[in-house]
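Number of protein chains: 2
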Amino acid sequence: MIDQLINKIKATQNPTVVGLDPTYAMIPTFIKEEMLETYGKTPKAVAEMFLQFNKAIIDEVHDLIPSVKPQIAMYEQYGLEGLRAYIETIAYAKAKGLVVIGDVKRGDIASTAAAYAGHIAGVEIEGVHMDLWQEDAVTLNPYMGFDGIEPFIKACNDYHRGLFILVKTSNPSGKELQDLLVDGVPLYDKTADLVSEWGELAMGTMGYSEIGAVVGATYKEQGIELRKRMPHTFFLVPGYGAQGGKAEDLKDYFDKDGNGIIVNSSRGIIAAYQKDKEVTEKEFAIAAKKAVLAMRDDLQGVMR
Amino acid sequence: MIDQLINKIKATQNPTVVGLDPTYAMIPTFIKEEMLETYGKTPKAVAEMFLQFNKAIIDEVHDLIPSVKPQIAMYEQYGLEGLRAYIETIAYAKAKGLVVIGDVKRGDIASTAAAYAGHIAGVEIEGVHMDLWQEDAVTLNPYMGFDGIEPFIKACNDYHRGLFILVKTSNPSGKELQDLLVDGVPLYDKTADLVSEWGELAMGTMGYSEIGAVVGATYKEQGIELRKRMPHTFFLVPGYGAQGGKAEDLKDYFDKDGNGIIVNSSRGIIAAYQKDKEVTEKEFAIAAKKAVLAMRDDLQGVMR
Numbered sequence: 001m002i003d004q005l006i007n008k009i010k011a012t013q014n015p016t017v018v019g020l021d022p023t024y025a026m027i028p029t030f031i032k033e034e035m036l037e038t039y040g041k042t043p044k045a046v047a048e049m050f051l052q053f054n055k056a057i058i059d060e061v062h063d064l065i066p067s068v069k070p071q072i073a074m075y076e077q078y079g080l081e082g083l084r085a086y087i088e089t090i091a092y093a094k095a096k097g098l099v100v101i102g103d104v105k106r107g108d109i110a111s112t113a114a115a116y117a118g119h120i121a122g123v124e125i126e127g128v129h130m131d132l133w134q135e136d137a138v139t140l141n142p143y144m145g146f147d148g149i150e151p152f153i154k155a156c157n158d159y160h161r162g163l164f165i166l167v168k169t170s171n172p173s174g175k176e177l178q179d180l181l182v183d184g185v186p187l188y189d190k191t192a193d194l195v196s197e198w199g200e201l202a203m204g205t206m207g208y209s210e211i212g213a214v215v216g217a218t219y220k221e222q223g224i225e226l227r228k229r230m231p232h233t234f235f236l237v238p239g240y241g242a243q244g245g246k247a248e249d250l251k252d253y254f255d256k257d258g259n260g261i262i263v264n265s266s267r268g269i270i271a272a273y274q275k276d277k278e279v280t281e282k283e284f285a286i287a288a289k290k291a292v293l294a295m296r297d298d299l300q301g302v303m304r
Numbered sequence: 305m306i307d308q309l310i311n312k313i314k315a316t317q318n319p320t321v322v323g324l325d326p327t328y329a330m331i332p333t334f335i336k337e338e339m340l341e342t343y344g345k346t347p348k349a350v351a352e353m354f355l356q357f358n359k360a361i362i363d364e365v366h367d368l369i370p371s372v373k374p375q376i377a378m379y380e381q382y383g384l385e386g387l388r389a390y391i392e393t394i395a396y397a398k399a400k401g402l403v404v405i406g407d408v409k410r411g412d413i414a415s416t417a418a419a420y421a422g423h424i425a426g427v428e429i430e431g432v433h434m435d436l437w438q439e440d441a442v443t444l445n446p447y448m449g450f451d452g453i454e455p456f457i458k459a460c461n462d463y464h465r466g467l468f469i470l471v472k473t474s475n476p477s478g479k480e481l482q483d484l485l486v487d488g489v490p491l492y493d494k495t496a497d498l499v500s501e502w503g504e505l506a507m508g509t510m511g512y513s514e515i516g517a518v519v520g521a522t523y524k525e526q527g528i529e530l531r532k533r534m535p536h537t538f539f540l541v542p543g544y545g546a547q548g549g550k551a552e553d554l555k556d557y558f559d560k561d562g563n564g565i566i567v568n569s570s571r572g573i574i575a576a577y578q579k580d581k582e583v584t585e586k587e588f589a590i591a592a593k594k595a596v597l598a599m600r601d602d603l604q605g606v607m608r
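Chains as they are written, first to last, in the numbering used here: chain G, 1 to 304; chain B, 305 to 608.
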């Protein structure tokens with residue numbers, strides 16, 4: 001995953017990952033009406049709304065970005081139909097050459113983690129291997145320690161897939177646990193050290209590990225300190241745009257080659273049409289493309 | 305959830321929750337053969353195996369236990385078909401009067417947490433409310449702090465549902481983060497304090513909150529200390545049996561009325577037939593019932 005991601009960032013000159021996190025409120029009226037008419041007030045209708053919405057955006061932006069990150073919760077709330085839309089979105093994005101990061105934030109003990117690792121490793125039934133989820137990488141939660149991560153590392157090495165483990169999240173309450181001081185340093189530094197250590201077990205060929213870290217854009221000083229602390233760990237950076245993070249804040253999240261991070265924006269891109277006075281609702285994907293280009297230019301200004 | 309759970313524990317005189325965590329290796333050969341013949345080497349075949357297996361066990365033990373806890377990872381690895389089996393297992397268990405704890409360990413920031421809260425709150429589509437997952441309670445991960453928990457608390461109050469938040473897990477690596485010292489106390493104590501505080505926002509009527517804690521059976525001293533630290537927090541206790549926890553260790557996890565915890569066993573019950581020389585493979589559910597009765601007697605010995 002990580003080599004492919006770095007190469008795609010270089011090719012597009014754009015470290016943007018588009019968060020495919022649709023909500024019902026975000027769906028343009030003409031799509032809503034069509035699906036409600038066809039499928040009624042059902043989870044299937046919403047699933048089809050999300051799919052049509054995502055596909056139109058992917059069609060418009062796929063050659064401008066390296067990666068998309070669907071947030072599984074948005075789909076999971078609509079049950080099996082919602083999750084079908086999640087899987088079909090992944091398949092569609094992969095067919096367009098995008099690196100797909102499944103934002104699943106799973107985390108459990110050894111035997112259970114081995115089952116969750118099916119997200120990136122697939123599953124075997126009587127000797128037949130099948131890749132039912134197809135993510136290139138997934139996000140994970142570190143609270144349960146190494147035995148909850150280990151089965152995923154095997155999958156990284158066996159299938160060239162990747163992980164992004166929560167270290168310092170972008171939300172306001174993240175600090176309640178993550179910023180507690182342990183031996184004079186915040187807990188997220190301890191998490192960072194574990195993630196770095198685990199990362200050595202699955203190095204890519206371009207200086208970064210298959211095991212990355214989630215480091216929010218909204219805590220600039222901490223992010224810069226973590227960049228120094230974890231030189232071989234690629235960062236997935238949420239919190240840009242709608243949550244308040246700015247490109248200027250991210251200048252020192254990049255390494256000296258302008259590499260090392262991928263920056264997520266969700267609402268700011270996929271719902272851009274709701275704030276863009278130059279487009280009609282039917283042009284929602286065009287608005288997303290404009291937002292991607294603006295974000296690319298914004299980030300290029302600080303990539304050095 | 306919590307009042308219903310306490311009443312069911314009193315009625316059955318049994319604080320056992322059966323972990324419905326089937327694995328392929330656990331399925332009796334006669335079920336495997338039937339499903340492979342009918343559905344081929346497909347996720348649907350495995351889903352049907354899990355369903356038949358779970359239903360037979362539920363039929364046999366439902367009047368002896370208060371609750372079951374399906375681990376979603378075991379189903380999720382088999383994709384949408386697997387998750388269908390998860391949902392149908394929940395529906396079946398609820399129809400038999402059991403309290404269902406979905407072991408999902410989700411955790412994310414505010415807006416995403418609101419989507420995950422659909423597990424216990426259901427979802428609304430154009431004014432039509434539907435409960436697609438149906439869990440009475442779910443497990444959650446606290447790493448992202450309160451804004452990741454808050455949307456679930458609303459669901460607890462609106463729909464009388466519950467949560468069990470990871471505090472001190474039963475696995476060996478849990479200590480890597482959870483036992484780090486913060487102000488001279490382990491991190492899990494800080495988590496415990498947060499969970500207690502959050503718990504006040506959704507109290508049941510019998511002295512315990514809808515917001516419980518996951519506290520492993522495998523760290524006895526810590527569990528006993530946490531019992532004192534969190535007097536109004538119900539404990540979901542994993543780690544009994546296969547992971548090494550014993551009833552004797554749990555004596556002081558109970559409150560003075562012999563209440564306050566529910567103890568999980570998964571493999572030790574549902575795969576009991578593989579170690580029970582008195583039963584045939586076809587009697588796997590009978591073996592599960594025997595294991596439930598043995599566990600009940602074991603726990604009653606320390607419930608004071």
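Glycine is no exception: its CB is placed at the ideal position from the N, C-alpha and C atoms.
Next on the checklist: Taking its Cβ as the centre, do 16 or more other Cβ atoms sit within 10 Å of A423 of chain B, making it buried, or is it exposed?
Outcome noted: Taking the second sequence and counting its residues from 1, one reaches residue 423 of chain B at position 119. The question names Ala, yet the displayed sequence has His at residue 423 of chain B. Burial call: buried.
Checklist entry - Rounded to the nearest angstrom, how far is the Cβ of I262 of chain G from that of L5 of chain G, given a contact under 8 angstroms? => result As a working note, residue 262 of chain G is residue 262 in the first sequence. As a working note, residue 5 of chain G is residue 5 in the first sequence. By a beta-carbon distance limit of 8 angstroms, I262 of chain G contacts L5 of chain G. Their separation comes to about 7 angstroms.
Next on the checklist: Checking 8 angstroms against the spacing of the C-beta atoms, do F558 of chain B and M507 of chain B come in under that value?
Outcome noted: On the second sequence, position 254 is the one that residue 558 of chain B refers to. On the second sequence, position 203 is the one that residue 507 of chain B refers to. Contact: no.
Next on the checklist: Run through the DSSP bridge pairs and tell me what Y240 of chain G is partnered with.
Outcome noted: In the first sequence, counting from the first residue as 1, residue 240 of chain G sits at position 240. DSSP lists G:G245 as the bridge partner or partners of Y240 of chain G.
Item to check | V104 of chain G classed as buried or exposed, judged by whether at least 16 other C-beta atoms fall within 10 angstroms | outcome: Looking up residue 104 of chain G in the first sequence gives position 104. Buried: at least 16 other Cβ atoms inside 10 Å.
Next on the checklist: What does DSSP give as the partner residue(s) for N264 of chain G in the beta ladder?
Outcome noted: By 1-based counting over the first sequence, the position of residue 264 of chain G is 264. G:V17.
Checklist entry - Can you round the beta-carbon distance between V486 of chain B and L194 of chain G to whole angstroms, since I take them to be within the 8 angstroms contact cut? => result Within the second sequence, the letter at position 182 stands for residue 486 of chain B. Within the first sequence, the letter at position 194 stands for residue 194 of chain G. Rounded, the Cβ-Cβ distance is 16 angstroms, inconsistent with contact.
Checklist entry - Is the region 372-382 of chain B close to the region 325-339 of chain B, with three or more CB pairs under 8 angstroms? => result Yes, since at least three Cβ pairs between the region 372-382 of chain B and the region 325-339 of chain B fall closer than 8 angstroms, the two stretches touch.
Checklist entry - If you check the beta carbons only, do L236 of chain G and P446 of chain B fall under 8 angstroms apart? => result Counting from one through the first sequence, the residue named residue 236 of chain G turns up at place 236. Counting from one through the second sequence, the residue named residue 446 of chain B turns up at place 142. No. Outside cutoff.
Checklist entry - Can you list, in chain order, the residues of its chain whose CB lies under 7 angstroms from that of V583 of chain B, leaving out five sequence neighbours each side? => result As a first step, residue 583 of chain B is located in the second sequence; it is residue number 279 there, counting from the start. Same-chain partners within the cutoff: Y577, I590, A591.
Checklist entry - Whole-angstrom Cβ separation of T316 of chain B and P370 of chain B, contact assumed at under 8 angstroms? => result Working through the second sequence from its first residue, we reach residue 316 of chain B at position 12. Working through the second sequence from its first residue, we reach residue 370 of chain B at position 66. Sure, about 5 angstroms apart at Cβ, within 8 angstroms.
Item to check | L180 of chain G, DSSP secondary structure in three states | outcome: Here residue 180 of chain G refers to the residue found at position 180 of the first sequence. L180 of chain G sits in coil when the DSSP states are folded into three classes, being neither helix nor strand.
Checklist entry - Which full runs of the alpha helix (DSSP H) of 4+ residues lie inside the region 19-75 of chain G, going along the chain? => result Considered as a whole, the region 19-75 of chain G harbours 29-39, 43-61 as its complete alpha helix (DSSP H) runs of no fewer than 4 residues, in chain order.
Checklist entry - Would F146 of chain G count as contacting chain B if we go by Cβ distances under 8 angstroms? => result As a first step, residue 146 of chain G must be located in the first sequence, where it is residue number 146. It does; some Cβ of chain B falls within 8 angstroms.
Checklist entry - Per DSSP, A306 of chain G is paired with what? => result Nothing about residue 306 of chain G can be reported from this structure: the residues present for chain G run from 1 to 304 only.
Checklist entry - Which term fits P319 of chain B, buried or exposed, when burial requires 16 or more other beta carbons within 10 angstroms of its beta carbon? => result As a working mapping, residue 319 of chain B is identified with position 15 in the second sequence. Buried: at least 16 other Cβ atoms inside 10 Å.
Item to check | Under 8 angstroms between C-beta atoms of P332 of chain B and E529 of chain B | outcome: Locating residue 332 of chain B in the second sequence gives position 28, counting from the first residue. Locating residue 529 of chain B in the second sequence gives position 225, counting from the first residue. Taking the C-beta atoms as reference points, E529 of chain B is found no nearer than 8 angstroms to P332 of chain B.
Checklist entry - Where does G216 of chain G fall in DSSP's three states? => result Here the question's residue 216 of chain G lines up with position 216 in the first sequence. Coil.
Checklist entry - Leaving out the 5 sequence neighbours to the left and right, which residues in its chain are closer than 7 angstroms to T522 of chain B when beta-carbon positions are compared? => result The residue labelled residue 522 of chain B in the question sits at position 218 within the second sequence. S474, G543, Q547, G548, G549.
Checklist entry - Within the 8 angstroms Cβ cut-off, does L181 of chain G reach chain B? => result Working through the first sequence from its first residue, we reach residue 181 of chain G at position 181. Output row for L181 of chain G: interface = yes.
Item to check | Enclosing beta strand (DSSP E) for D407 of chain B [first to last residue] | outcome: By 1-based counting over the second sequence, the position of residue 407 of chain B is 103. In the DSSP assignment, D407 of chain B falls within the beta strand (DSSP E) that extends over 403-410.
Item to check | Rounded C-alpha distance that separates D189 of chain G from I362 of chain B | outcome: Within the first sequence, residue 189 of chain G is the residue found at index 189, counting from 1. Within the second sequence, residue 362 of chain B is the residue found at index 58, counting from 1. Annotation: D189 of chain G to I362 of chain B spans about 45 angstroms, alpha carbon to alpha carbon.
Checklist entry - In terms of residues, what are the limits of the alpha helix (DSSP H) holding T12 of chain G? => result Counting from one through the first sequence, the residue named residue 12 of chain G turns up at place 12. 2-12 is the span of the alpha helix (DSSP H), which, as asked, contains T12 of chain G.
Checklist entry - Could you give the C-beta distance for A421 of chain B and A459 of chain B, rounded to a whole number, given that I count them as a contact under 8 angstroms? => result The residue given as residue 421 of chain B occupies position 117 in the second sequence. The residue given as residue 459 of chain B occupies position 155 in the second sequence. Yes, A421 of chain B and A459 of chain B are in contact; Cβ-Cβ is about 5 angstroms, under 8 angstroms.
Next on the checklist: Just to make sure I have the definition right: I need the residues of chain G whose C-beta is within less than 8 angstroms of the C-beta of V432 of chain B. Which are they?
Outcome noted: One-based indexing of the second sequence puts residue 432 of chain B at position 128. Chain G residues near V432 of chain B: K41.
Item to check | Contact with chain B by E33 of chain G, beta-carbon distance below 8 angstroms | outcome: Locating residue 33 of chain G in the first sequence gives position 33, counting from the first residue. So no, E33 of chain G is outside the interface.
Item to check | Partners in chain G for N475 of chain B, counting only beta-carbon separations shorter than 8 angstroms | outcome: Stepping through the second sequence from its first residue, residue 475 of chain B is reached at position 171. Going along chain G in sequence order, the residues near N475 of chain B (Cβ under 8 angstroms) are I109, A110, M144, G145, D147, G148.
Checklist entry - I think G268 of chain G touches G241 of chain G, with their Cβ atoms under 8 angstroms apart; what is that distance to the nearest whole Å? => result Here residue 268 of chain G refers to the residue found at position 268 of the first sequence. Here residue 241 of chain G refers to the residue found at position 241 of the first sequence. Contact annotation, G268 of chain G with G241 of chain G: C-beta distance approximately 3 angstroms; criterion of less than 8 angstroms satisfied.
Next on the checklist: Can you give me the C-alpha to C-alpha distance between L293 of chain G and K94 of chain G, rounded to a whole angstrom?
Outcome noted: In the first sequence, counting from the first residue as 1, residue 293 of chain G sits at position 293. In the first sequence, counting from the first residue as 1, residue 94 of chain G sits at position 94. Near 21 angstroms, if we compare the C-alpha coordinates of K94 of chain G and L293 of chain G.
Next on the checklist: Counting only C-beta atoms, is N141 of chain G closer than 8 angstroms to chain B at any point?
Outcome noted: Locating residue 141 of chain G in the first sequence gives position 141, where the first residue counts as 1. With respect to chain B, the C-beta atom of N141 of chain G has a partner C-beta closer than 8 angstroms.
Item to check | Test item: CB-CB of V471 of chain B and T495 of chain B under 8 angstroms | outcome: Residue mapping note: residue 471 of chain B aligns to position 167 of the second sequence, counting from 1. Residue mapping note: residue 495 of chain B aligns to position 191 of the second sequence, counting from 1. Yes, the Cβ-Cβ distance between V471 of chain B and T495 of chain B is below 8 angstroms.
Checklist entry - Since E428 of chain B is in the beta strand (DSSP E), which residue starts that stretch and which ends it? => result Numbered from its first residue, the second sequence carries residue 428 of chain B at position 124. Where E428 of chain B is concerned, the enclosing beta strand (DSSP E) stretches over 427-429.
Checklist entry - Are the Cβ atoms of E439 of chain B and I469 of chain B separated by less than 8 angstroms? => result Translated into positions along the second sequence, residue 439 of chain B becomes position 135. Translated into positions along the second sequence, residue 469 of chain B becomes position 165. It is not a contact, given that the beta carbons lie outside the stated cut-off.
Item to check | Within chain G, partners of Q375 of chain B - CB distance below 7 angstroms | outcome: Taking the first residue of the second sequence as 1, we reach residue 375 of chain B at position 71. Under the 7 angstroms cutoff, chain G gives T112.
Checklist entry - Thinking C-beta only, is I313 of chain B closer than 8 angstroms to E514 of chain B? => result Looking up residue 514 of chain B in the second sequence gives position 210. Looking up residue 313 of chain B in the second sequence gives position 9. For E514 of chain B and I313 of chain B, no; Cβs fall outside 8 angstroms.
Next on the checklist: Could you check whether G516 of chain B and L554 of chain B sit closer than 8 angstroms to each other, using their CB atoms as the reference points?
Outcome noted: Here residue 554 of chain B refers to the residue found at position 250 of the second sequence. Here residue 516 of chain B refers to the residue found at position 212 of the second sequence. No. Outside cutoff.
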